[in-house]
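Line order of the protein sequences matches chains A and B. The opening residue of the first sequence carries number 15 in the numbering used here; numbering runs sequentially from there. The opening residue of the second sequence carries number 15 in the numbering used here; numbering runs sequentially from there. Remarks on the structure that follows.
There are 2 protein chains.
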Amino acid sequence: MAGMVFFSVSMSLDGFIAPESSDELMGQQWMELQRWIFPTRFFRENLTLGRGGEEGRDNDIVRQTHLRTGASVMGKRMFDAGERMWPEEAPFHTPVFVVTHEKRDPWERPGDTTFHFVNDGMVTALDRAREAAGDRDVRVAGGGETILAYLNAGLIDEFTIALSPVLFGSGIRLFEGVDARRLALTPVRAEPTQRVTHLTYAVRERVGQASMASRAQA
Amino acid sequence: MAGMVFFSVSMSLDGFIAPESSDELMGQQWMELQRWIFPTRFFRENLTLGRGGEEGRDNDIVRQTHLRTGASVMGKRMFDAGERMWPEEAPFHTPVFVVTHEKRDPWERPGDTTFHFVNDGMVTALDRAREAAGDRDVRVAGGGETILAYLNAGLIDEFTIALSPVLFGSGIRLFEGVDARRLALTPVRAEPTQRVTHLTYAVRERVGQASMASRAQA
């Protein structure tokens with residue numbers, strides 16, 4: 015059985031996933047957005063920030079998201095930022111397909127992460143990720159524009175938002191430019207933890223609208 | 015003991031509380047936003063839409079929100095729309111303070127709703143509502159601009175959002191223009207029901223920022 019295509023992000027209550035500027039306040043809000051994940055044991059150890067950390071439901075959820083992922087897709091900007099930031103043992107431990115115009119040989123990292131650079135578009139990148147993932151799921155890792163492109167193309171089956179108790183007021187909105195005429199949501203799961211509310215939705219096509227699959231091919 | 019000042023609204027996952035246009039799609043999304051509340055017994059009977067309706071947690075939550083409210087505050091536009099739409103027995107059954115420049119005598123409706131028209135500002139309207147509410151809470155009923163004005167003035171203690179599984183893409187955003195530099199949130203309660211997730215947050219002042227109360231008086 016083929017896996018699902020999903021994304022999973024942290025979002026402020028007013029809909030932002032990242033600051034636009036890097037001033038002090040946005041830094042503070044950014045920390046508040048991520049406060050649920052930074053202290054978790056799995057996150058810390060996977061990014062080699064140190065041994066140990068918090069256990070509990072948030073930690074379980076981070077680990078489960080990692081374990082369900084058989085391959086990831088990401089945009090070039092996320093890769094560029096990550097290339098500078100990730101530890102040598104990159105935190106994916108699976109194939110990662112980077113949608114880019116840059117021609118580059120696969121880049122193997124210790125710990126079984128291999129980055130593949132895909133030059134013929136997001137649909138091809140996803141096809142290759144699906145094949146690499148086998149029974150497991152494909153995660154569209156980011157950034158925001160890449161997630162939205164897959165969402166609007168009807169290629170996301172499900173997504174999870176860790177809704178954080180913080181207001182940004184400005185920044186990069188997850189759903190800016192979403193094709194609300196095409197997409198309908200079904201709640202799958204909602205689980206409050208101490209710090210955030212984990213919300214999972216299935217994406218389906220609005221009844222009576224033109225096929226999203228045919229648009230993705232256009 | 016004095017009550018709290020709160021608001022309670024339905025919000026789309028992408029942060030909208032109302033459509034901007036009245037075209038067909040927005041009508042459909044608007045219905046989806048409100049789908050959790052329209053069929054509930056309390057909502058139907060309170061708006062005299064008919065006897066009976068759905069019981070259960072959503073219905074309990076609508077009823078509890080009504081029962082905690084000892085007085086409401088609203089903006090002129092919400093009142094104007096409501097004056098045309100509400101049944102003769104208006105659905106508040108408490109004093110309601112309308113922030114307006116219009117001079118008008120109190121308007122008593124059957125069923126103990128009395129609308130008072132307050133000409134000297136939002137703080138006075140709230141003071142009068144607090145006094146009228148006694149031990150019960152004051153609800154800032156709407157519309158969006160009025161809610162945001164009270165929120166940014168630091169006059170909201172707590173709010174509840176019924177987060178609906180729908181994307182609007184455009185419309186009127188609840189938090190457009192929110193003073194994120196002043197406001198911090200603490201999660202109070204998160205309760206998923208079959209149709210929505212009810213999220214309650216307490217509002218507090220960001221540490222190290224100038225007093226919100228002093229701004230409200232400025």
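The beta-carbon is built from N, C-alpha and C at its ideal position, and this holds for glycine as well.
Contact set between the segment 199-216 of chain A and chain B, restricted to residues whose Cβ is under 7 Å from the partner: Listed by position, the residues of the segment 199-216 of chain A near chain B (Cβ gap below 7 Å) are L199, T200, P201, A204, P206, T211, L213, Y215.
Where the beta strand (DSSP E) through R98(B) begins and ends: Element bounds for R98(B): not the beta strand (DSSP E) but the alpha helix (DSSP H), 90-99.
Residues in the segment 171-190 of chain B having any Cβ partner in chain A nearer than 7 Å: Residues P179, V180, L181, F182, G183, F189.
R187(A) versus I170(A), L162(A), F111(A), A194(A), residue with shortest Cα-Cα distance: When I170(A), L162(A), F111(A), A194(A) are compared, the shortest CA-CA separation from R187(A) is found for L162(A).
Amino acids of chain A, ordered along the chain, whose beta-carbon sits closer than 7 Å to that of V19(B): In chain A, no part has a C-beta under 7 Å from the C-beta of V19(B); the shortest such distance is about 18 Å.
Unbroken beta strand (DSSP E) run spanning D151(A), endpoints: Unbroken beta strand (DSSP E) run through D151(A): 151-156.
Beta-carbon contacts of N73(B) that lie in its chain and below 6 Å, excluding the five residues immediately before and after: Only T54, R55, F56 meet the Cβ criterion.
R82(A) versus D151(A) - alpha carbon distance: Cα to Cα, R82(A) sits roughly 6 Å from D151(A).
Below-8 Å beta-carbon distance, Q43(A) vs any chain B residue: For Q43(A), the answer is yes, since a Cβ of chain B falls inside 8 Å of its Cβ.
For A194(B) and A227(B), the rounded distance between their alpha carbons: Its pLDDT being 46, under 50, A227(B) is placed unreliably by the model, and the measurement read from it follows with that caveat. Each residue's alpha carbon lies about 16 Å from the other.
Under 9 Å from the C-beta of A32(B): neighbouring residues of chain A: Those do not exist, as A32(B) stays about 14 Å from chain A at its closest Cβ, beyond 9 Å.
8 Å Cβ cut-off: residues of chain A touching D28(B): Correct list: G29, R187, L188, F189, V192, A194.
8 Å CB neighbourhood of A32(B) in its chain, flanking five on each side removed: Counting only Cβ-Cβ distances below 8 Å, and skipping sequence neighbours, we find W44, G157, G158, G185, I186.
Terminal residues of the beta strand (DSSP E) in which W57(B) lies: In the sequence as presented, Trp is not what sits at residue 57(B); that position holds Phe. It is not in any beta strand (DSSP E) - F57(B) instead sits in the alpha helix (DSSP H) that spans 55-60.
Segment limits, alpha helix (DSSP H) that includes I75(B): Run containing I75(B): 71-82, per the alpha helix (DSSP H) assignment.
Residue-chain proximity (L169(B), chain A), Cβ-Cβ < 8 Å: Look at L169(B): its C-beta is not under 8 Å from any C-beta on chain A.
Local Cβ density within 10 Å of T62(A), reported as buried at 16 or more and exposed below that: Around the beta-carbon of T62(A), fewer than 16 other beta-carbon atoms lie within 10 Å, marking it exposed.
Run of the alpha helix (DSSP H) containing V217(A), from where it starts to where it stops: Run containing V217(A): none in the alpha helix (DSSP H); it sits in the beta strand (DSSP E), 211-219.
Completely contained alpha helix (DSSP H) runs for the segment 132-208 of chain B, where each covers 4 or more residues: Counting only runs of 4 or more residues that sit fully inside the segment 132-208 of chain B, the alpha helix (DSSP H) segments are 136-147, 158-166, in chain order.
Simplified DSSP state of W44(A), which is helix, strand or coil: Assignment of W44(A) by DSSP, reduced to helix, strand and coil, places it in the helix class.
Cross-chain neighbours of L197(B) in chain A, by beta carbon under 8 Å: Simply L181.
Whole-angstrom distance between F30(B) and T200(B), CA atom to CA atom: For T200(B) and F30(B), the distance between alpha carbons rounds to 21 Å.
Burial state of T28(A), where buried means 16 or more other Cβ atoms lie within 10 Å: Note that residue 28(A) is Asp in the sequence shown here, rather than Thr. Buried, since its Cβ has 16 or more Cβ neighbours within 10 Å.
Nonlocal neighbours in the same chain, by C-beta distance under 6 Å from R71(A), ignoring five residues either side: These residues qualify, in order along the chain: T207.
Neighbourhood of Q223(A) by C-beta distance below 7 Å, restricted to the same chain and skipping five residues each side: Reliability of the predicted coordinates at Q223(A) is poor, the pLDDT of 48 falling under 50, and the value obtained from them is presented with this limitation in mind. Taking Q223(A) as the centre and dropping the five residues before and after it, the same chain places the C-beta of R195, R196 closer than 7 Å to its C-beta, in chain order.
Cβ-based neighbour list, H107(A), same chain, cut-off 7 Å, excluding 5 preceding and 5 following: Counting only Cβ-Cβ distances below 7 Å, and skipping sequence neighbours, we find G125, D126, T127.
Beta-carbon proximity of I51(A) to V23(A), cut-off 8 Å: Their beta carbons are not under 8 Å apart, which means I51(A) does not touch V23(A) by this criterion.
N- and C-terminal bounds of the beta strand (DSSP E) containing R123(A): Bounds of the beta strand (DSSP E) holding R123(A) are 121-123.
Proximal residues to K117(B) (C-beta, below 8 Å), its chain only, five neighbours per side dropped: These residues qualify, in order along the chain: F131, N133.
Inter-residue Cα distance where the pair is Q42(B) and R218(A): Roughly 15 Å separates the two Cα atoms.
For R65(B) and V112(A), the rounded distance between their alpha carbons: Taking the straight line from one Cα to the other gives about 58 Å.
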